[in-house]
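Working notes, beginning with the structure itself.
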């Protein structure tokens, strides 16, 4: 099963989006594991997950995290601010799945 | 409008990148993450302190209050002990937490670094007397020392490793065994650097290192209680958030040693029945200035929840529950508030007005100063009272500030609502046109 994690300052607001994405995945009959992680735990999380999406408010960590993830041949991308604010589970799930495709 | 453009340009091109670099800088990250390690101990510990000091007058006739007071009077040392061993020694947790996080960022042995930092801290801050460690520098007065010692011990270990100053093992020795020798030189290096420094400060200035460090940081801590400093810090936070950068993550990260030094002095004064000294604390910041998150957006969220436009209404309702727990990303990015010129003025003004009113209310003694650290995610009305030792006057202040914020946001919200409505109508008519244009084809 593919594993996605969303990362923000404390993993709080992303956890709301995770709920929406899980719902979207269930609706499509997809089996994916999606979690929210605080930025302090990014390095542990990227070891065991396949892909990471970053909350737009901590985009300043993107370059740093991408470099770290590249060592493990994994991808990190920031979430579109509007999709984040509107909690668009469908759209963000699509983004994650597209990233997974590219990695695979 | 020109001023606004210049300001945005400044935030985007100057402030944003600097903040980004700061936020990603490893010592600052370690500072923030290390303080997080100490937080649960401090929050629960400060809760116990309130229990040990019932919010009733000494001559109360309330039966419950009487029983509580008598119980505390009879068992005070027993009740206060958990506070002493959590919030009372927070600098120990902080030094370990910061060293652990910093070592991890260098991919060094993190638990070893935490232990080394704990030893370094004890060495300079708690010279033992008769097999007991004096705890006077384990709380607020030791925070900056805890931080500096953590940086020092980790950097020292790193430099020693970098220049290969270590006990070398023959190649046949298994790596795990070789690693067990890795920390020997750093421990010794701490002995020969920090310990003589501590002895020198003690004999030369008749004080301990934490006293000396506190003297250096004192102006910073005193300045933190002044209104200009508070407004400066909050404006920085606001401008970053307006650019879509998590301002609190960076600003509060740097402020946390000051918050803790302040609240720890307040708690000690409270426990001793003295006047509470410090105004600027985490509950002040979270529950008076930033009600509902950066920009005091809870009031905006309430306005949006009753909006005539579908977009603002749905974002408002979706944002209310997180907002009640001080989380406002949905409204920031959903409304959006981020980079929205119509909402810029109230977004910046509401927290400034909150800060000024709360500053006056607390300084004149209408509302009590905070004595307890709370989770920043506590609902503002509850968190304010919690921080002030369950004094519900604090909740009333928060409620008053929310009403004022409603008034500040209202005209700008209405203006923005009009813009959104015009957009929605344009899209709707656009859609109808396509539909009517499409219909004949189907027919």
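Chains as they are written, first to last, in my numbering: chain Z, 172 to 275; chain V, 229 to 671.
Don't be surprised by glycine CBs; every beta carbon is placed ideally from N, CA and C.
Same chain, Cβ closer than 7 Å to residue i, five either side skipped, listed in chain order
| i | result |
| --- | --- |
| residue 271/Z | 173, 221 and 222 |
| residue 620/V | 613 |
| residue 321/V | 265, 266 and 269 |
| residue 184/Z | 226 |
| residue 477/V | 251 |
| residue 573/V | 640 |
| residue 412/V | 395 |
For residue j and residue i, believed in contact at Cβ under 8 Å, the rounded distance
| i | j | result |
| --- | --- | --- |
| residue 483/V | residue 239/V | Incorrect: roughly 20 Å between the Cβ atoms, too far for contact. |
| residue 279/V | residue 307/V | 7 Å |
| residue 255/V | residue 379/V | 6 Å |
| residue 598/V | residue 494/V | 7 Å |
| residue 374/V | residue 443/V | No, residue 374/V and residue 443/V are not in contact; Cβ-Cβ is about 16 Å, not under 8 Å. |
| residue 538/V | residue 652/V | 7 Å |
| residue 385/V | residue 341/V | 6 Å |
| residue 233/Z | residue 211/Z | Their Cβ separation, rounded to whole angstroms, is 16 Å, which puts residue 233/Z and residue 211/Z out of contact at 8 Å. |
C-beta atoms of residue i and residue j nearer than 8 Å
| i | j | result |
| --- | --- | --- |
| residue 377/V | residue 352/V | yes |
| residue 556/V | residue 525/V | yes |
| residue 319/V | residue 600/V | no |
| residue 485/V | residue 602/V | no |
| residue 615/V | residue 509/V | yes |
| residue 224/Z | residue 194/Z | no |
| residue 472/V | residue 228/Z | yes |
| residue 419/V | residue 325/V | no |
| residue 586/V | residue 634/V | no |
| residue 564/V | residue 256/Z | yes |
| residue 497/V | residue 281/V | no |
| residue 579/V | residue 523/V | yes |
| residue 410/V | residue 337/V | yes |
| residue 622/V | residue 517/V | no |
| residue 501/V | residue 554/V | no |
| residue 192/Z | residue 264/Z | yes |
| residue 329/V | residue 261/V | yes |
| residue 231/Z | residue 247/Z | no |
| residue 544/V | residue 529/V | yes |
| residue 469/V | residue 560/V | yes |
| residue 289/V | residue 297/V | no |
Nearest candidate by alpha-carbon position, reference residue i, set the options
| i | options | result |
| --- | --- | --- |
| residue 245/Z | 213/Z, 258/Z, 207/Z and 195/Z | 213/Z |
| residue 479/V | 396/V, 375/V, 458/V and 393/V | 458/V |
| residue 491/V | 354/V, 506/V, 425/V and 521/V | 506/V |
| residue 527/V | 596/V, 422/V and 547/V | 547/V |
| residue 701/V | 299/V, 399/V, 541/V and 258/V | Outside the shown range of chain V (229 to 671) lies residue 701/V, about which nothing can therefore be said. |
| residue 186/V | 618/V, 422/V and 438/V | Residue coverage of chain V in this structure runs from 229 to 671, which leaves residue 186/V outside it and unanswerable. |
| residue 247/V | 407/V, 387/V and 474/V | 474/V |
| residue 552/V | 534/V, 461/V, 590/V and 630/V | 630/V |
8 Å Cβ shell around residue i - same chain, five flanking residues per side excluded
| i | result |
| --- | --- |
| residue 570/V | 640, 643, 644 and 647 |
| residue 663/V | Its pLDDT being 46, under 50, residue 663/V is placed unreliably in this model, and the coordinates cannot settle the point. |
Own chain residues within Cβ distance below 6 Å of residue i, not counting five before or after
| i | result |
| --- | --- |
| residue 208/Z | 176, 178, 182 and 216 |
| residue 515/V | 608, 611, 612 and 626 |
| residue 666/V | Any reading at residue 666/V needs caution, since the residue's pLDDT is 41, under 50, leaving its predicted position unreliable; the model's value is listed next. Closer than 6 Å at Cβ, skipping near neighbours: no residue. |
| residue 368/V | 489, 492 and 493 |
| residue 406/V | 397 |
Distance between residue j and residue i (C-alpha atoms, nearest Å)
| i | j | result |
| --- | --- | --- |
| residue 431/V | residue 355/V | 13 Å |
| residue 455/V | residue 189/Z | 40 Å |
| residue 682/V | residue 488/V | Past the boundaries of the shown model lies residue 682/V; chain V is included only from 229 to 671, so the question cannot be answered. |
| residue 304/V | residue 312/V | 12 Å |
| residue 236/V | residue 249/V | 19 Å |
| residue 259/V | residue 381/V | 14 Å |
| residue 421/V | residue 404/V | 28 Å |
| residue 604/V | residue 271/V | 10 Å |
Any non-hydrogen atom of the ligand COA closer than 7 Å to residue i Cβ
| i | result |
| --- | --- |
| residue 522/V | The ligand COA is not part of this structure, which contains no ligands at all. |
Within chain B, partners of residue i - CB distance below 8 Å
| i | result |
| --- | --- |
| residue 247/V | Structure shown: chain B not included; protein chains present are Z and V. |
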